[in-house]
Structure formats: structure tokens, C-alpha cells
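Notes for the one structure printed next.
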Amino acid sequence: PGVATCLSSPRPGTRAAPLQRFIWMSTSPALVGKVASCLSLASASTAASDGGTQARAAMGSGSRLPALPAPGGMEGVKSKRRPVLSLALQRPGGAAHDPEKPGASAPMPAAAAGASGAALALGLGARAALAGLSQAQAIALCIGLAARDEDDAGGCGSWALSRHEGLRVATVFGCDGATLQEEFSAAADMAPHLVCVHLGGLSDRAGPCAVLKSFRGALLILEAPPDAASEGCGEEDQEGLLRALGVTSRWSVAEHGFESLTLPPALVTEIIGDLKLKDLEQDPEVVALVSQAQPLYDHHFHEDLIEDVRSRESAQVGFLVARREEGDGLVQRQFLGLIVYKHWGPPLRVLSILRVAVPSKFRLQGFGRVLMRWAIEKARQMPRTQCARLTLNSMPEAILFYERLQFTPIPQDEDDDGGEPRLEEVDAAQPVPGALWMELKCGRSFQPVGKR
């Protein structure tokens, strides 16, 4: 009952406010949880991946979600296209549908998810989304899928279900961190063949999305009803989540069964880079992008984007945007992420990555990787006499992300007798506990022609 809100107070003369002082006051548990989930420990010198930023953005979010183990095989099922689950929606006053029990005797379908009569059949390789369900219908389906007994599953509310013998199904419906933790822990213990998840519970949560994306079994995703847009899970957010989870088919409940829907279109992206302070303040198109990026920048770095760039002399910004052509021929640009960097010439010869951030609704779609690879290619195009490596300061949860991009830790006892200043001089911000300096050497060392 005594735990309460935390308020940050910046030191005079500094450009960052990384929670340097805490003020505790008594308040309601509900407000405590809300405030705690909004606190960020981002530092002025921290470069975060699209997964790393979200991982440290919430205080008190509980332990890390467990990974879902790879499902084992099922007797009589040798192909991931073979149906193992059939479901049909029973409408009031309509004819009752009894979905055919999946089995090896049925013809092999062309895909892992497809409509068969009035039922939707799913195989072990399905990554399907189901739209048009009310909240009550979605809950009834989850209850039916979670039932271990075949009789209980077959007549759950408005759904008729039929499953392959031995099929293990886990359901994820929670809309808060504690409930998700319990449901994912239970799912990990079960080692399910199929996971049914309500999309509304994944909004603005990169952790559960990452676990589900790496899951090797089948996924059935229940899209939030249209009125859920007011709860922070609008159409654009849902499309981003469907792309992040690798959905390959999308279905909607129709009058006589299920009808196929088009998948969210792939985003056509480009990077508008090498933007200086003058561009951020004067270019109309860039100013519009700055206004889109500012809420993200403030949330993760507690900074004003323009003032932060101003305080870092010669720093530059790159925006990752999606191009959308309107009917009148105009091109609209939607903000997808940003990178802030600074080039240090001799004797440092370093391209320093200062910030990387991607909005939560666009996480797990590779946009953070796109930004980093763009910066890496930029450094490699420079003469070796001007840029020999990229450097950044990574939080622990983002280290794996950078290692996959071939970044390596910089030894603490690095000898600087060769004339290069220490990396700590590149950014004067205070180090973050647990952060790790990393580098990527670019280009090749000069060798005489006769010795190649």
C-alpha cells in the first residue's frame, strides 16, 4: 500500500532527465501500476533496438516471458497442412454445423488454413487471423479451445469444435502484464501445438509478440472488434501486429461460414537521412516528421528531439518512413522509426550511433534492423581515413540484436596509445549501469600490393 509514483527532477544545466531523483508518495494501487508502466530508464547515451527499448520501458513489468517450446509430433499427422482443428460458428436460429473431425483420411489441403464448408480448418503450420468476432464470441472460442475434454470443447457456447486426438491448445487473452505472464508460463509448461491469442492483449507489448513470432507451432489470432479502436488497438495497430506475427491468412465470419480477407499490405519504406538541425527546423516535410517522432522521443529519451540534436554539435538524423500515394498524386510519409548519429573525423574516425527508436506498433517488423544496416552501409562508404568503425552504447537486452549485426564488445582495457581518444569522450553523457560499449569495424586495412 505504500508503493507510489516516481517523479524525475533534472539537474540544472543538463539536457537529460533520466530519473535522477525519486519522490515517493502514497496513492492508489491502480495509479501506481499505471505510473510504473510509463517510467522509462532510457539514457541520453543509450542506443536501443526495436525490442530493447520496449523491454526497459516499463518498470515493474515482471520477469521475462518464457519462450514456447517447439511442439512435438502428432500421431497420423505428417504434414503441417494436415488439419488438426476445425471450428464453426453456430448462429442463433441457423442450422447447426458439425465440423468434420480432422483425420488422416481427409484430402490434403493446399494450405495450412482454409475454409471447408461452414468450418475453418487449421493445420500445424497455420498462421491465421480471424476477424469480425464480438468480444463474447472470442471469449467463448477461447474457453472451448482451452477445454481439455473433447465433449466440453465440442459444445462450447456458439462454437462447434473438432480437434485431432492429442492436440494441445493454449489460449492467451490477458490484457495486462500479470495475466500475460501467467498465461505464457502455463503455455510453456503445456508445450502446445497451437496457440490462440487475442490481438487486443498484445497492443504495445513487444515481449509477447516476440515470443509468438518465434513459436514454431500454429497460431490462431483473434482480431479485436471494431469498437476496440478507442482502447488503443485500432486498425493500423492491428495491421502492424499481424505483419509482425507473420500472419499468412486472414478470415472473417460470413453468413454461411468463413470468407477470406486480404492481408495487410507490405509497407514501402525509405530512409530520409543526413538531416541536420536546419532541416529539422525549416524543411516543411521534415518538420511534419519531427512532430510525428516527438512523442516517441519524449517517451523513451525524455528529450525534445530538436534540442537534443542542437546540444550534440554536428549530429544528424535519419527517418524511416512509409510512402503512401494518395488518389490525387500526393505522397504521404508515415513515420516508422529514427536514428540519430554523429560522425567524428580523425583522430577518432568513428560513426557514433546515439539513438535508435521504433514506435511500438511497428515493432518486430525489422525496422530497427533496417535503420542500423543503413548506418552501417553509410560508414562503409566512407574512406577508411575518415571512418574506421561504428560505436554505440547498448543496454543488456539489446546486446543480442547488435551481435546479430556483427557488433562486438569493446575491451575495457583498450589501449589508446595509437592516438585515438577513448570512446567515453565521444559522448559526455553519464554511463548507464549495465550498458556495454560495442563496435563494428568497417572497411579493410591497407596492405601493400605485393603482400596481398
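Each residue of the sequence shown is one higher than the one before, starting from 13 at the first, in my numbering.
Note that the Cβ used here is the ideal one computed from N, Cα and C, for glycine as well.
DSSP bridge partner residues for residue i (one or two, in chain order)
i: Ala131; result: Ser128
i: Glu282; result: Val333
i: Trp449; result: Asn405
i: Ala351; result: According to the sequence shown, residue 351 is Ile rather than Ala. The partner list for Ile351 (beta bridge, DSSP) reads Gly330 and Val368.
i: Ile411; result: According to DSSP, which records beta bridges pairwise, Ile411 is partnered with nothing at all.
i: Gln346; result: Ala334
i: Leu363; result: His355 and Leu402
i: Trp263; result: Leu142 and Ser272
i: Pro421; result: Met450
i: Ser174; result: Ser98
i: Val223; result: In DSSP, Val223 forms no bridge with anything.
i: Ile233; result: Ala141 and Val209
i: Leu287; result: Val329
i: Val89; result: Met86
6 Å CB neighbourhood of residue i in its chain, flanking five on each side removed
i: Ile318; result: Leu292
i: Ala124; result: Lys92, Arg93, Gly135, Gly137 and Ala138
i: Leu157; result: Val181, Thr183 and Cys208
i: Ala334; result: Leu279, Thr281, Gln346 and Leu348
i: Gly144; result: Ser264 and Val265
i: Ala82; result: Arg228
i: Cys399; result: Arg361, Leu363 and Ala391
i: Ser261; result: Ala125 and Ala140
i: Pro276; result: Glu251, Leu254 and Arg255
i: Trp356; result: Val362
i: Arg76; result: none
Any C-beta of chain B under 9 Å from that of residue i
i: Gln424; result: Within the model displayed, chain B is absent; a lone protein chain is all it includes.
Residues of its chain near residue i, where Cβ-Cβ distance is below 8 Å and the 5 sequence neighbours each way are ignored
i: Gln294; result: none
i: Pro204; result: Leu80, Pro83, Arg180, Val181, Ala182 and Gly229
i: Gln147; result: Pro237
i: Arg322; result: Leu289
i: Arg385; result: Leu417
i: Cys154; result: Thr183, Phe185, Cys208, His210 and Leu234
i: Phe379; result: Asp62, Thr281, Leu332, Leu348, Gly349 and Val370
Cβ distance (whole Å) where residue i is taken to contact residue j below 8 Å
i: Leu376; j: Ala199; result: No, Leu376 and Ala199 are not in contact; Cβ-Cβ is about 19 Å, not under 8 Å.
i: Val223; j: Ala140; result: Val223 to Ala140, Cβ: 18 Å. No contact.
i: Glu235; j: Leu211; result: 5 Å
i: Phe270; j: Ala127; result: 4 Å
i: Leu232; j: Leu142; result: 7 Å
i: Lys354; j: Gly252; result: Contact flag wrong, Cβ pair sits at about 30 Å.
i: Val298; j: His176; result: Actually they are not in contact, since the Cβ atoms of Val298 and His176 sit about 55 Å apart, beyond 8 Å.
7 Å Cβ shell around residue i - same chain, five flanking residues per side excluded
i: Ala256; result: Cys221, Lys225, Arg375, Leu376 and Gln377
i: Ser170; result: Leu101, Gln102, Gln149 and Ala152
i: Ile411; result: Leu448
i: Arg324; result: Lys354 and Leu366
i: Arg401; result: Val362, Glu451, Leu452, Lys453 and Cys454
i: Glu337; result: Val343
i: Pro395; result: none
i: Met202; result: Arg180 and Ala182
Beta-carbon spacing of residue i, residue j below 9 Å
i: Leu452; j: Phe419; result: yes
i: Tyr309; j: Leu366; result: no
i: Phe78; j: Phe196; result: First, the amino acid is wrong: residue 78 is Pro here, not Phe. Yes, they are a contact pair.
i: Ala387; j: His312; result: no
i: Asp316; j: Gln306; result: yes
i: Phe178; j: Met86; result: It is worth fixing the name first, because residue 178 is Gly in this sequence and not Phe. Yes, these two residues count as a Cβ contact at 9 Å.
i: Leu301; j: Ile284; result: yes
i: Pro421; j: Thr397; result: no
i: Leu97; j: Ser174; result: yes
Minimum length 3: unbroken beta strand (DSSP E) runs contained in the stretch 181 to 216: 181 to 184 and 206 to 210
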